[in-house]
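Visitor: I'd like to ask you about the structure that follows.
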Amino acid sequence: MRELINFGLDVAKTCGVTYADVRVEKVKIQSIAIKNGKAEEISDSESYGFGIRTLVNGRWGFASSSKVNEEEVQKIVALSCEIAKASAFLKKKDVVLSPVEPIKENYETPVEINPFTVSLEKKLSTLYEAEEILRKERDIKISQASMNFIFKDKTFASTEGTWIKQKIMMSGAGIAATAIGESDVQIRSYPNSHGGQFTTSGYELIDKLRLKDNAEKIAGEAVALLKAEECPSKITTVVLGGSQLALQVHESIGHPIELDRVLGTEVSLAGTSFLTPDKLNHLKIGSDIVNITADATIPQGLGTFGYDDEGIPAKKVDIVRNGLFIGYINSRETAAETGQSCNGTMRADGWNRIPLIRMTNINLLPGEPSFKELIADTKDGIYLETNKSWSIDDKRLNFQFGTEIGWEIKNGKIKGMLKNPNYTGITPEFWNACDAISNKDSWIIWGTPNCGKGEPMQVAQTGHGASPARFRNIQVGVGK
Amino acid sequence: MTHKEIEKISKKILNLSPADQTEVLLISQDSALTRFANNQIHQNVAEKNVKLSIRVIDNKRTGTTSTNILSDKSIEDALKRALEIANSTSPDPDFKSLPKKKQHKEMSLFSKNTAEYQPIDRAKEISILISKANREDLTAAGAFDTGSLTIGITNSLGIFKTASLTEASINTVFMSPSSSGYADSYEKDVKNINCHRLADLAACKALKSIEPVAIKPGSYKVILEPAAVADMLMYLAFCGFGALAYQERRSFMSGKLGQKITGENITIWDDGTSPDNLGLPFDFEGTPKQKIILIENGLAKNVVYDSYTAHKEDKESTGHALPAPNVYGPQASNLFLKNGGCSTDEMIASTKKGILVTRFHYTNIEDPLKTILTGMTRDGTFLIENGEIICGVKNLRFTQNILTALSNVEMISNKTELKQTFFGLCRTPTLKIDDFNFTGVTEF
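In order, the protein sequences belong to chains A and B.
For the first sequence, our numbering begins at 2 and goes up steadily by one.
For the second sequence, our numbering begins at 140 and goes up steadily by one.
The structure is reproduced here in C-alpha cells:
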C-alpha cells in the first residue's frame with residue numbers, strides 16, 4: 002500500500018499540484034436488528050477505496066475510486082487535477098492552508114474486546130434476552146433491539162510528508178418498545194433513541210449498557226404513555242435529560258460553530274450560522290454556568306480520534322467559557338482564512354468523500370448539584386427525556402425538539418407522566434436561561450452516530466458529554 | 140460496469156450459492172458534484188464506485204452482505220458470510236419467497252449528454268448563476284450534480300433486470316445580507332437544465348425579500364410552492380404510505396382505507412414508470428413498479444408493497460422494495476399530486492392576507508400517526524395582502540397536521556414541477572391552503 006500511495010503523490014506532483022493528499026480506507030460495518038422476536042436485519046458490509054485531494058491553480062479537486070491499483074491511481078490523480086482546474090475557472094482567491102509540521106504516526110482506538118470477533122450467536126442472544134422482556138407487556142406491539150459496529154482502517158499521506166495510519170472502532174446498541182393503542186403510538190427507548198448509545202470502544206460497551214435490566218422499565222413507560230396526560234402548552238421551567246441535552250448541544254451549538262458553515266460554504270443545503278465572526282469573544286451565548294468544549298481526545302467519545310483527515314492531531318478546544326462564545330471548530334483552509342490556529346476537525350465519511358469540518362465531542366461541562374438536588378430545587382416545571390424529533394432553522398436559531406416522555410415536577414419531586422412533549426426556543430435565549438447543570442455523576446458522553454452534512458451527503462459520528470440541566474421560561478407544548 | 144459484466148458476476152454467485160433462494164444486487168456509479176458558494180467554486184468531487192449486495196434465504200433464514208471489492212475471493216467471502224449469517228438466525232415464518240420474474244416497462248433513462256458531462260461544463264453553467272448574482276450584487280451558492288448509474292438485480296427464481304440511468308440536478312441559493320432566494324432543477328438530460336431561468340428565479344426571490352418584516356405566528360392562508368409541497372408529501376409518504384407501517388398500525392392509513400382522510404380535491408399516487416417522474420422501472424427486488432393510487436379524491440385507497448409485506452396479506456408486490464436489508468419497509472418514492480386548474484398568479488390575486496412559501500427546511504415528524512410535522516420556511520417567504528406580494532417576511536416555524544392541511548386546500552395550480560427530496564422524487568403543483576399553523580418565528 003505504501004508504494005501505491007507514494008505513487009499517487011508522485012503522479013500528483015508531476016501534474017503541478019501545490020498540495021495533494023491521499024486517503025485509503027477500508028470500512029467494515031455490522032448491523033444487527035431484531036424486531037418482535039425475529040431478525041429484522043443482520044448484515045455485514047465492507048467498502049474499500051481511495052480518494053485524492055489536489056490543489057491546482059489555487060483551488061481544490063477531489064476524485065475517488067473503489068479500484069485500488071496503479072493504473073486507476075494514475076487516472077484518478079489526473080481526474081482530481083482536471084477537477085481542480087475546473088474549480089479555478091470560477092475562483093475569487095487561492096486556497097491557503099495553515100502550516101503544519103509533517104508527522105508520521107499511528108493511532109488505534111483502545112478496545113478490550115474486538116466486536117468483529119464476538120460470535121453472531123452471542124450478539125443475538127444478548128439482543129433477544131432484552132427484546133423478549135419488552136414483549137411481555139401486552140400493549141407493546143413493536144419490540145426492537147439492535148447493535149451496530151463500525152471499524153475504519155485508514156491511511157493518510159500528503160505531499161508535505163505526513164503519513165498517518167489509524168484504526169477507529171465504534172460500537173453501539175439499544176432497545177425500543179412501541180405501544181400502540183386505539184389512536185395513539187408511543188415509544189420508549191434505552192439508553193437513547195435512534196439506535197441507543199454509541200462510543201469509540203469495543204464489545205465491552207454492550208455489557209456495560211445492561212439492555213436486559215432496563216427493558217421492563219421502558220416497556221412499562223411506553224404502555225403508561227398511552228394513558229398519560231398530554232403535555233400542556235405553557236411557558237415553564239424545563240429540565241432536560243442528558244441524552245436530549247446532548248442533541249440540543251449538537252444542533253444549537255455544535256453545528257453553528259463549524260467555521261465552514263460560518264463562512265458560507267454550506268449555505269445551499271444546511272445553511273449558515275448565527276455565530277458570525279463578529280460574535281467571537283463578544284456574544285454571551287449562555288449563562289455564566291455554561292461551559293462547552295470541543296474535545297477529540299476524550300476517551301470513548303464517539304467523536305474521538307487520533308488525527309483528523311488533514312493529518313492534524315486531535316485537540317481539546319474551548320468553545321464557550323462562562324457563557325462567552327470563544328471558539329470555532331475549523332480546518333486548515335478556514336483557519337488560515339480567519340487567522341486562527343487549526344484545531345483539526347476535518348473528517349470524511351469514507352474514502353469517496355472529501356473531509357469537512359465535523360463536530361468532535363462537543364461537551365457541555367458538568368455543574369455543581371447532583372441530579373437529585375437539581376430536581377429537589379425545582380418547584381414547578383417539566384422533566385423531558387429521550388429525543389423523538391428535532392428541527393432547527395438554517396442559521397441555528399429557532400429550534401423545536403420533541404421527546405419521548407415528560408414528567409411534571411412539583412415541589413422538588415418528579416410526578417405525573419406527560420406524553421407528546423415538545424419545546425421550542427431561540428438558541429442564545431435558551432442557553433442564557435440555563436440556571437443549573439447537574440454534576441459529573443450524571444455526566445455521560447452520548448454518541449450521535451448519524452450526523453448528516455455536505456453534498457454528496459456525508460454521515461459523521463459525533464459525541465456530546467452532557468448531564469441533565471435546567472432552563473427557565475421555556476415554551477412547551479407547541480401546537481397543542 | 141456493463142450489463143454483461145453484471146450478468147457474469149451475478150450468475151456466478153447464483154451458481155455458487157447453495158441457499159434455497161439467492162438475490163444479487165449490483166450498483167455501479169460514476170458521479171460528480173460541484174459546489175459553489177460566495178460566488179466561487181469551493182468543492183468539486185468525483186466518485187467511481189460499485190456495490191455488490193448478496194441476500195441468501197435458507198430455510199426461511201436470511202443473511203445479507205455487501206462489498207465493493209469484486210475479486211473472486213471477495214465475492215466468495217461475501218457469499219460465505221451471508222450464508223453464515225443466515226445459519227445463525229431463526230426461521231422467519233412470514234417469509235414466503237423472493238419475487239418471480241415479471242416483465243417490466245422499458246424506459247429511456249439514460250442521457251449521453253449527462254454521462255459525458257465534464258467538470259469544466261459544470262463550471263461554465265455555474266458561471267451563469269454567479270454572473271447573475273454578481274450583476275445583482277448578490278452571492279450565489281449551490282450544488283450541481285451529474286452522474287450515471289447502472290443497476291442489476293438477479294435472483295435464483297429467474298429475475299435478471301438491468302438498467303442504466305443518468306441524473307443531473309442543480310440547486311442554488313442567492314443571498315443578499317438580509318434575504319435569500321432558491322431555485323432548482325432535476326433532469327435526466329443535463330442539457331435541459333436552464334441556468335439562466337434558475338438565476339432569474341433565485342435572484343428575483345432574494346431581491347423581493349430584502350429587509351423582511353416579522354409577522355406574528357398564527358394561522359394563515361398559505362401558498363406553498365412545489366418544493367414546499369414535495370417536502371411535506373415525502374414526509375407523509377415516509378409516515379405511512381408503506382405497507383410495513385400500515386401492517387404495524389403505526390401508519391395514518393391503518394384502518395382508514397376507503398375513508399376520507401383529506402379534501403376531495405386531493406389525489407396522490409406513486410408511479411415509478413412515468414416519464415414525468417424519472418424512476419427506475421423496477422424495484423430493488425426486480426419487481427416491475429406499478430402505478431398505485433394512494434389517496435383518490437380524498438379517500439385513502441392503497442399502500443405500497445414489497446414482496447415480504449405483500450405475502451403477509453396474500454398479495455402481490457407493487458414494486459416498491461428498497462435494497463435489502465431494509466428496516467423501513469416498502470416506500471413510495473415517485474410521488475405525484477394531481478394538478479388543478481389555476482395559475483400561481485391567480486392564487487396570489489385571490490388572497491386577501493396570506494404567506495407564500497418557497498421551501499421548507501429541516502422538516503421532521505413529531506407524530507407519524509397524526510401526521511404532525513414541524514419545520515422552518517427558508518429562501519423566499521413572502522407576505523401577501525390584497526392579492527399582491529407586499530414584502531418578504533422573517534422565516535416562520537410551522538407545526539401542522541398534514542392531513543388537515545390537505546383537507547384545507549382551496550386552490551391547486553395547473554402546472555407541476557419535479558422535485559428531489561431526501562426520500563425520492565415528487566411531482567407536485569403549488570397549493571393554496573387555509574388555516575396553516577405557524578407556531579414560531581426566527582430572527583431573519
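C-beta: ideal position from N, C-alpha, C; glycine also.
Because the structure is a prediction, the values reported are computed rather than measured.
So B/Gly115 packs on B/Ser318, CB below 8 Å; how close in whole Å?
Guide: Nothing about residue 115 of chain B can be read from this structure; chain B reaches only from 140 to 583.
Visitor: Spatial neighbours of A/Gln167 within its chain, please: CB distance less than 6 Å, with the 5 preceding and 5 following residues excluded, ordered by chain position.
Guide: Translated into the one-based positions of the first sequence, residue 167 of chain A becomes position 166. If we look at A/Gln167 and ignore the five residues flanking it on each side, its Cβ neighbours are Tyr108, Lys155, Gly307.
Visitor: May I ask you to report which of helix, strand or coil DSSP gives B/Cys565?
Guide: The residue labelled residue 565 of chain B in the question sits at position 426 within the second sequence. Looking at B/Cys565 - three-state DSSP - the assignment turns out to be strand.
Visitor: Any idea what DSSP makes of A/Thr275, helix, strand or coil?
Guide: Within the first sequence, residue 275 of chain A is the residue found at index 274, counting from 1. Looking at the sequence shown, residue 275 of chain A is not Thr but Phe. Three-state DSSP puts A/Phe275 in coil, outside helix and strand.
Visitor: Which residue or residues does DSSP assign as beta-bridge partners of B/Asn183?
Guide: Locating residue 183 of chain B in the second sequence gives position 44, where the first residue counts as 1. B/Thr173, per the DSSP bridge assignment.
Visitor: List, in chain order, every chain A residue whose beta-carbon is nearer than 9 Å to that of B/Leu237.
Guide: The residue given as residue 237 of chain B occupies position 98 in the second sequence. By Cβ distance, chain A contributes nothing, its closest Cβ being about 16 Å from B/Leu237, past 9 Å.
Visitor: Would you check if the segment 148 to 164 of chain B and the segment 209 to 221 of chain B touch, i.e. whether three or more CB-CB distances between them fall below 8 Å?
Guide: Taking 8 Å as the limit for Cβ pairs, the verdict is that the segment 148 to 164 of chain B does touch the segment 209 to 221 of chain B.
Visitor: Run through the segment 109 to 139 of chain A for me and flag every whole alpha helix (DSSP H) of 4 or more residues, listed as ranges in chain order.
Guide: With a minimum length of 4 residues, the continuous alpha helix (DSSP H) runs that stay inside the segment 109 to 139 of chain A are 121 to 135.
Visitor: According to the Cβ coordinates, are A/Gly203 and A/Asn149 closer than 8 Å?
Guide: The residue you call residue 203 of chain A lines up with position 202 of the first sequence. The residue you call residue 149 of chain A lines up with position 148 of the first sequence. No, Cβ-Cβ distance for A/Gly203 and A/Asn149 is not below 8 Å.
Visitor: Can we say the segment 421 to 438 of chain B touches the segment 400 to 409 of chain B, given the rule of at least three CB pairs closer than 8 Å?
Guide: Taking 8 Å as the limit for Cβ pairs, the verdict is that the segment 400 to 409 of chain B does touch the segment 421 to 438 of chain B.
Visitor: Quick one: is B/Leu172 near chain A, going by C-beta distance under 8 Å?
Guide: Indexing the second sequence from 1 puts residue 172 of chain B at position 33. Answer yes: the Cβ-Cβ gap between B/Leu172 and chain A drops below 8 Å somewhere.
Visitor: Sort A/Thr305, A/Tyr20, A/Leu276, A/Ile299 by Cα distance to A/Tyr329 and report the nearest one.
Guide: Taking the first sequence and counting its residues from 1, the one referred to as residue 329 of chain A is at position 328. Selected option, being the one with the closest Cα: A/Leu276.
Visitor: Expressed to the nearest angstrom, what Euclidean distance is found between the alpha-carbon atoms of A/Gly52 and A/Val101?
Guide: As a position in the first sequence, residue 52 of chain A is number 51, starting the count at 1. As a position in the first sequence, residue 101 of chain A is number 100, starting the count at 1. Roughly 21 Å between the two C-alpha positions.
Visitor: If you count every other CB in all the chains shown that lies within 10 Å of the CB of A/Thr387, and 16 or more means buried, which is it?
Guide: Along the first sequence, read from residue 1 onward, the residue named residue 387 of chain A stands at position 386. Its Cβ being crowded by 16 or more others within 10 Å, A/Thr387 is buried.
Visitor: Hey, would you say B/Gln539 sits closer than 8 Å to B/Asn576, going by beta carbons?
Guide: Residue 539 of chain B sits at position 400 when you count from the first residue of the second sequence. Residue 576 of chain B sits at position 437 when you count from the first residue of the second sequence. Result yes, Cβ atoms of B/Gln539 and B/Asn576 sit closer than 8 Å.
Visitor: At a CB-CB cut-off below 7 Å, which residues of chain D make contact with B/Asn503?
Guide: You won't find chain D in this structure, because its protein chains are A and B.
Visitor: Am I right that B/Asn207 and A/Gly50 are in contact with their C-beta atoms under 8 Å? What's the rounded C-beta distance?
Guide: As a position in the second sequence, residue 207 of chain B is number 68, starting the count at 1. As a position in the first sequence, residue 50 of chain A is number 49, starting the count at 1. That belief holds up - the Cβ atoms of B/Asn207 and A/Gly50 are roughly 7 Å apart, short of 8 Å.
Visitor: Where does B/Cys530 sit, in a helix, a strand or coil, going by DSSP?
Guide: Residue numbering aside, residue 530 of chain B sits at position 391 when the second sequence is read from its first letter. Here B/Cys530 sits in strand by DSSP.
Visitor: Do the CB positions of A/Asp269 and B/Thr311 come within less than 8 Å of each other?
Guide: Position 268 of the first sequence holds residue 269 of chain A. Position 172 of the second sequence holds residue 311 of chain B. A small fix is needed here, since residue 269 of chain A is Ser in this sequence, not Asp. Cβ atoms of A/Ser269 and B/Thr311: closer than 8 Å.
Visitor: Return the bridge partner residues of A/Thr379 from the DSSP annotation.
Guide: For this step, residue 379 of chain A is matched to residue 378 along the first sequence. According to DSSP, A/Thr379 bridges with nothing at all.
Visitor: If contact is defined by three or more beta carbon pairs under 8 Å, each pair taking one atom from either stretch, is the segment 417 to 428 of chain B in contact with the segment 458 to 468 of chain B?
Guide: Yes: at least three Cβ pairs fall under 8 Å.
Visitor: Flag this pair as touching only if the segment 259 to 273 of chain B and the segment 76 to 94 of chain A have three or more C-beta atom pairs under 8 Å; answer yes or no.
Guide: Yes, since at least three Cβ pairs between the segment 259 to 273 of chain B and the segment 76 to 94 of chain A fall closer than 8 Å, the two stretches touch.
Visitor: Using alpha carbons as the reference points, say which of B/His142, B/Asn547, B/Glu146 lies closest to B/Ser358.
Guide: Locating residue 358 of chain B in the second sequence gives position 219, where the first residue counts as 1. Answer by Cα proximity: B/Asn547.
Visitor: Could you have a look at B/Ala488 and say whether DSSP puts it in helix, strand or coil?
Guide: What you label residue 488 of chain B is simply residue 349 of the second sequence in a count that begins at 1. Here B/Ala488 sits in helix by DSSP.
Visitor: Please list the segments of the alpha helix (DSSP H) lying wholly inside the segment 202 to 227 of chain B, counting only runs of 4 or more residues, in order along the chain.
Guide: Within the segment 202 to 227 of chain B, the complete alpha helix (DSSP H) runs of at least 4 residues are 211 to 227.
Visitor: Determine, using beta carbons only, whether B/Asp231 comes closer than 8 Å to chain A.
Guide: Sequence index remark: in the second sequence, residue 231 of chain B carries index 92 (1-based). Interface residue, yes.
Visitor: In whole angstroms, what separates the C-alpha of A/Ile181 from that of A/Ala223?
Guide: Here the question's residue 181 of chain A lines up with position 180 in the first sequence. Here the question's residue 223 of chain A lines up with position 222 in the first sequence. One C-alpha to the other measures close to 9 Å.
Visitor: Can you confirm whether B/Gly579, when its beta carbon is compared against all beta carbons of chain A, has any partner nearer than 8 Å?
Guide: What you label residue 579 of chain B is simply residue 440 of the second sequence in a count that begins at 1. Yes, B/Gly579 lies at the interface with chain A (some Cβ there is under 8 Å from its Cβ).
Visitor: So that I know if they touch, is there some Cβ in chain B lying closer than 8 Å to that of A/Glu122?
Guide: Within the first sequence, the letter at position 121 stands for residue 122 of chain A. Chain B, which has a Cβ nearer than 8 Å to the Cβ of A/Glu122, makes this yes.
Visitor: For B/Lys187, would you say it is in contact with chain A, using Cβ-to-Cβ distances shorter than 8 Å as the test?
Guide: Here residue 187 of chain B is taken as the residue at index 48 of the second sequence, counted from 1. Yes, contact with chain A.
Visitor: Mind listing, in chain order, the continuous beta strand (DSSP E) runs of no fewer than 3 residues lying wholly within the segment 376 to 405 of chain B?
Guide: Runs found: none.
Visitor: Going along the chain, which residues of its own chain have a beta-carbon closer than 6 Å to the beta-carbon of A/Leu398, five neighbours each way excluded?
Guide: Taking the first sequence and counting its residues from 1, the one referred to as residue 398 of chain A is at position 397. The residues are Phe275, Ile427, Thr428.
Visitor: Would you mind sorting A/Gly478 into buried or exposed? The rule is 16 or more other CB atoms within 10 Å of its CB.
Guide: For the purposes of this step, residue 478 of chain A is identified with residue 477 of the first sequence, where counting begins at 1. With 16 or more other Cβ atoms within 10 Å, it is buried.
Visitor: Assign B/Thr513 to one of three DSSP states: helix, strand, or coil.
Guide: For the purposes of this step, residue 513 of chain B is taken as residue 374 along the second sequence, with counting starting at 1. Three-state result, B/Thr513: strand.
Visitor: Can the beta-carbon of B/Gln470 be found closer than 8 Å to that of A/Trp61?
Guide: Here the question's residue 470 of chain B lines up with position 331 in the second sequence. Here the question's residue 61 of chain A lines up with position 60 in the first sequence. Against a cut-off of 8 Å, the Cβ pair of A/Trp61 and B/Gln470 comes out as no contact.
Visitor: Nearest-angstrom Cα distance between B/Ser303 and B/Ser287?
Guide: By one-based count along the second sequence, residue 303 of chain B stands at place 164. By one-based count along the second sequence, residue 287 of chain B stands at place 148. Answer to the nearest angstrom: the Cα atoms are 7 Å apart.
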